[in-house]
Amino acid sequence: MFYRETGQFKSSYKADQAIFPITQDRWFILFIFIIAFLVIPLTASEYLLQAVMIPLLIFSLAAIGLNLLVGYAGQLSLGTGGFMAVGAYMTYKLTTAFPEVNIIVIFILAGLISASVGFLFGIPSLRIKGFYLAVATLASQFFLVWMFNKVSWFYNHNSSGTITAPPRELFGVTVTGPTATAETRYIVALAIVCVFALIAKNLVRGRLGRSWMAVRDMDIAAEIIGIRPFQTKLIAFSISSFYCGVAGALMVFLWLGSAETEAFSINESFYVLFMIIIGGLGSILGSFLGAAFIVCVPILLTNAPQLFGLSMPIDLQKHIEIMLFGFLIVFFLIVEPHGLARLWQIAKEKLRLWPFPY
Amino acid sequence: MLRNILLALVGAVVAMTGISSTTIQVAADEQFIPMLVYRTGPYAPSGIPVANGFRDYYTMINNRDGGINGVKVTFEECETEYNTKLGVECYEKLKNKGSTGASLVNPFSTGITYQLIPKASVDEVPILSMGYGRTAAADGRVFKWVFNFPTTYWSQASAFIRYVAQQEGGESKLKGKKIAHVYHNSAYGKEANPTLKALANKYGYELILLAVDHPGQEQKATWLQIRRAKPDWVFMSGWGVMNQVAVKEAASIKYPMDHFVGNWWSGSDADVVPAAAGAKGYKSATFHSPRSDYPVHKDIIKHVYGGDQAKAKSNSFGEVLYNRAVVNAMFAVEAIRTAQGKFGKRALKGSEVRWGLENLNLTEARLKEIGMEGFTKPVKVSCSDHETMGPIIIQQWDGNKWNIVSDWISPIREVVRPMVEKAASAYAAENKITPRSC
Amino acid sequence: MEIINFLNLVFLAPFVEMVSYPIFFSEVIISGLLTGVMYSLVALGFVLIFKASGVFNFAQGAMVLFAALTLVGLMEHGFPIWAALISTIIVLIVLAFVVERFMLRYLINQEDIILFMATIGLTFLIQGFGETIWGSNVKPLDLGIPSESFELGGLLLNEFDLFAAGSGAVLVAVLAIFFHYTRIGRALRAVADDHQAAMAVGIPLKNIWIIVWSVAGFVGLVAGIMWGAKSGVQFSLSLIALKALPVLILGGFTSVPGAIVGGLIIGVGEKIAEIYWGPLVGGAIENWFAYVLALAFLLFRPQGLFGERIIERV
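Protein chains in written order, with my numbering: chain A, 416 to 773; chain B, -17 to 420; chain C, 4 to 317.
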């Protein structure tokens, strides 16, 4: 009853091509923006921002990046952690070498370096496909992490081999380093993620996105109708790595504050992959939903027993949490193999008729 | 049907998020200490005795003395799986609990310590990273909120070289010797390298560096290299499964085990149990005795376990890492006690506990009072020196238990301290910290 | 001058060293081969399941851990070795049944990546379950397998390594015979070839899946025993799955002999690289070198050494 597009007529191509063609959607998204930009920073506790919201945003960005590659271009990759490391270490390197340059510019430069590394490691994809490619991208994961651990130039030759986010300002406000408040870091991350999500959405709706999907669905057929697999796949690798690189930079500079290579281990690659599968392959919204699921569910499960006044040994609690998490993954896949984004779509379709079934 | 269940589930999740902001209240005037533990995951075999040791010592203090000068110690465990990201989440969750917030935090993980160092000064929660974490934090002028007494990785490495010199019959005999360092390829494992290199220049021994990647289940290549190079001594900075495999591989290439010395994270009971008799002769560094017959242990048995020896044993009582946690908990309690001397006998804030840590003076007499004479060495912290460069001792596995086989060995201060100060000032410059004057 | 020095270090010196110390070189090769067999043991479990059901079973590592944990756990409770072994195998069969009944059955005909993700969920379930029951401490595993080292013509060999390699070889031989000459084996190969055709000629797909998962569980148990004897049974056992992945791509996902040959190549390759070239760049190159080696092979044969040829049609 409330969610119907009856009476909303499109009189131009522009209106027809809008990202949110339905008025209710636009109101809804405005509502989300108000919550994200105003309500959360004003009301949320530091714990909620630091432990839930900031990682959620950063992982969403990485998930969007990986989704472009896996969900849209069909190239299975497990090198995400490595590309995030490139972004993080390059940001550190650049910002300590040029402290006066705006940190946002540095993030983007680091992202570009990450993109070129992704381009390089994407070359095998021209010959290798499917799970074979996934395992081959692991080569980049292990090599990159090894390199950042081994070559001391990347961490300015300090004795411990960790990188620490130095304090940097943006419009006179400290946004990185220990003195930056959680609220500022949240807002910066949110702004960056919003901009990049918008870019990603438009990318996949355009010519490039269509050629990605053609390659994904069948690359030989795509080649025959005139899409160059070489360029298409490598551009997908580069852009995906760009997103992952920026996400890695944000991870160290806006969330963790300091990191060693362990923070970008193979587990990171797997987690981001979980996010896009659970959220929905080939969906920008799915990237957000998947990240929310993977970030929030364990935290909810950890805090749940206390809420219900249960007290149990912490190891048992953790084991139960792990099992529940595994169960939920299997459960959601059985209920809806195409991910949370698809569930959302189904819900919207139901809503159009609700509460009158006919 | 399934869809309905799903909707109900989503509803439940939403409901839970709504109420998750309620926190558990801790009664007033209780000293709250957060405990970041890892009882699950790949490093659980090391994490379990540590967590039990902390818990038992605090419980004993509460049961025996009714707390620290009457102020009860409360604590809450949070599971980190030795994962830095979960560690930070735990820290954020616990730092404001209790009537005065977290008194101090013992991360018991080098990785988590690195994460918390920048936060410590902002949140005013001191970090006690006892014998791990960032070595440069020994310079209290730069790292006001971080303490790593009684000694650090660098001091330990220098003391190990001194031990080798003793065994070989003098520092002059080190020239031309080969010493291999088998290390976990992480920030933690690499810590000892600069010191070993500096000392190699000084004494003229040949240093062989062999990295083992996480997790370290496959070390055949490493030990083949040792077999080829035939080093006179092997020093190991290992962690988790790497230790057990290394001990086993060393035995299988017939390396003389009494020339194989682990650092203090490579010498727990779990590290030698899988190799059992094969590990006989293996040595490791430590800064407290591996025995469990000191008065403090008797008190724990009596006041925590009601005299039940078997129950205590099943809670890892008396294991090396258990003892280490007891020492760590004791430092925390004594620091709070010191701070109470200045600020009064009440629950203290983190900043007040920090003063206690900085002015901690644990004498031999005081150790005797708390039942730890001979268990560990006295410590006197100062504003500039947060490490104190305490001595280490070497223990050896005889197939059944660890025994002390050396005297207390002091680190080589004139080599280590300048390196610490250099690293600290580099950190200060990079992060725009003005060092305090002490 | 420096360039010549560099070229010498990279391209000449290592080979000179290999030739001048032949005994040490053969030790490197032998230990590489023995390690390779250990990798193959883990890789085999993946191959079996992939072959029969097209599922890339991420949970294999967790199954290795779970099997070994169950075995030592039972032995700690006073079971004699044979009883513990039999009970563990029964537990693994039950596990296979549960996986088929409650998971795979609902996911027939889904995309590969969805099945892959489901096995990741399964990984968490098995891990949590195993640790809940048996705890997280290191458990020494002593089956009375001898582990003395001895010298043979200057070569240092370890009885345990030889034993492990021997049992690996036996296991592969038994599996090969099983696949080729038994009724079930033929059915398995039929299913691997084409699910629908196999069903059409009356092969019960569900039973086949249970059998394959049980066999994979058993292979996991053997791998768990061999690796667990070295390090004690603990959580890290589940991480050796990562060591099996390069073996898997090199040998091909669908080939049992591929897993063995792949394991041997990776084992020898990474040992030689680590020992002769590792010191030049600071060591610990084993892990990524294995993947790069596999990648190099893939560029020439995109389906692995023994994998089925990929035929693409529009």
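Even for Gly, the Cβ is constructed at its ideal location relative to N, Cα and C.
Legend entry - Beta-carbon proximity of B:Tyr264 to B:Asp240, cut-off 9 Å: yes
Legend entry - Rounded C-alpha distance that separates C:Leu298 from B:Arg37: 50 Å
Inset, instruction - Identify each residue in the stretch 60 to 84 of chain C for which the Cβ-Cβ distance to at least one residue of chain A is less than 9 Å, and report them in chain order. - result: Phe61
Inset, instruction - Name the residue from A:Leu700, A:Ile640, A:Leu559, A:Ser702 whose alpha carbon lies nearest to the alpha carbon of A:Ala500. - result: A:Leu559
Inset, instruction - Would you identify the three-state DSSP class for B:Ala358, choosing helix, strand or coil? - result: In the sequence under discussion, the amino acid at residue 358 of chain B is Thr, which differs from the Ala named in the question. Strand, per DSSP.
Inset, instruction - Compare the C-beta of B:Glu150 against all C-beta atoms of chain A and say whether one is closer than 9 Å. - result: no
Legend entry - Proximity test, Cβ basis, 9 Å: B:Thr5 and chain C: The predicted model places B:Thr5 with a pLDDT of 39, which falls under 50 and marks its position as unreliable, so this point remains unresolved.
Inset, instruction - Specify, as a first and last residue, the run of the alpha helix (DSSP H) that C:Ser23 falls within. - result: 16 to 23
Inset, instruction - Say whether the stretch 337 to 354 of chain B touches the stretch 67 to 79 of chain B, bearing in mind that this needs 3 or more beta-carbon pairs closer than 8 Å, one atom from each stretch. - result: no
Legend entry - Minimum C-alpha distance to B:Ile207 - residue among C:Val22, C:Asp164, C:Tyr279: A small correction: the amino acid at residue 207 of chain B is Gln; Ile does not occupy that position in the sequence shown. For B:Gln207, the nearest C-alpha among the options comes from C:Tyr279.
Legend entry - Contacts that C:Trp137 makes with chain B (C-beta to C-beta distance below 7 Å): Neighbours of C:Trp137 on chain B: none; closest Cβ ~12 Å, over 7 Å.
Legend entry - Backbone CA spacing between B:Met234 and B:Ile282 [nearest angstrom]: At residue 234 of chain B the sequence reads Ser, which differs from the Met that was named. Taking the straight line joining both Cα atoms gives about 40 Å.
Inset, instruction - Please state whether DSSP places B:Asn34 in a helix, a strand or coil. - result: helix
Inset, instruction - Report buried or exposed for C:Arg108, applying the criterion of at least 16 other Cβ atoms within 10 angstroms of its Cβ. - result: exposed
Legend entry - Top-ranked residue by Cα proximity to C:Leu283, from B:Gly289, B:Ala321, B:Ala120, B:Ala193: B:Ala193
Legend entry - Closest Cα partner of C:Met66 within the set C:Pro83, C:Gly76, C:Gly39, C:Leu98: C:Leu98
Inset, instruction - Specify, as a first and last residue, the run of the beta strand (DSSP E) that A:Pro436 falls within. - result: Here A:Pro436 belongs to no beta strand (DSSP E), and DSSP marks it neither H nor E.
Legend entry - Contacts that B:Lys126 makes with chain A (C-beta to C-beta distance below 7 Å): Here the premise fails: no neighbours, minimum Cβ distance about 13 Å.
Legend entry - Under 8 Å from the C-beta of C:Gly285: neighbouring residues of chain B: Leu191, Ala193
Inset, instruction - Hey, could you find the ends of the alpha helix (DSSP H) B:Met312 is sitting in? - result: 302 to 325
Inset, instruction - Measure the Cβ-Cβ separation of A:Ile687 and A:Phe474 and say whether it is below 9 Å. - result: For the sequence presented, residue 687 of chain A should be read as Val rather than Ile. Cβ atoms of A:Val687 and A:Phe474: closer than 9 Å.
Inset, instruction - Answer yes if the stretch 325 to 336 of chain B comes into contact with the stretch 38 to 55 of chain B, meaning at least three C-beta pairs across the two stretches below 8 Å, and no otherwise. - result: yes
Inset, instruction - Identify whether C:Leu44 lies in helix, strand or coil by the three-state DSSP scheme. - result: helix
Inset, instruction - Inspect the beta-carbon positions of B:Val243 and B:Ser266 and report whether they are closer than 9 Å. - result: yes
Inset, instruction - List the residues of chain A whose Cβ lies closer than 7 Å to the Cβ of C:Trp291, in chain order. - result: Ala554, Phe557, Phe558, Trp561
Legend entry - Proximal residues of chain A, C-beta to C-beta of B:Asn167 below 7 Å: Asn564
Legend entry - Proximity of B:Trp247 and B:Gly220 at Cβ, strictly below 9 Å: yes
Legend entry - Boundaries of the alpha helix (DSSP H) in which B:Val216 is found, first to last residue: It is not in any alpha helix (DSSP H) - B:Val216 instead sits in the beta strand (DSSP E) that spans 215 to 219.
Inset, instruction - Would you mind stating whether B:Tyr304 and B:Val19 have Cβ atoms separated by less than 9 Å? - result: no
Inset, instruction - Please compile the residues from chain C whose C-beta is within a distance smaller than 7 Å of the C-beta of A:Met738. - result: Phe127, Leu128, Gly131, Phe132
Legend entry - beta strand (DSSP E) segments (min. 3 residues) lying fully within the stretch 110 to 165 of chain C: 152 to 155, 158 to 161
Legend entry - Proximal residues to C:Leu267 (C-beta, below 6 Å), its chain only, five neighbours per side dropped: Leu36, Gly39
Legend entry - CB contact below 9 Å: B:Lys383 versus chain C: no
Inset, instruction - Taking only the alpha-carbon atoms, compute the straight-line gap between C:Leu159 and B:Trp379 and give it to the nearest angstrom. - result: 25 Å
Inset, instruction - Can you tell me which of C:Phe238, C:Met4, C:Leu253 puts its alpha carbon nearest to the alpha carbon of C:Lys142? - result: C:Phe238
Legend entry - Three-way DSSP call (helix, strand, coil) for C:Trp216 in this model: helix
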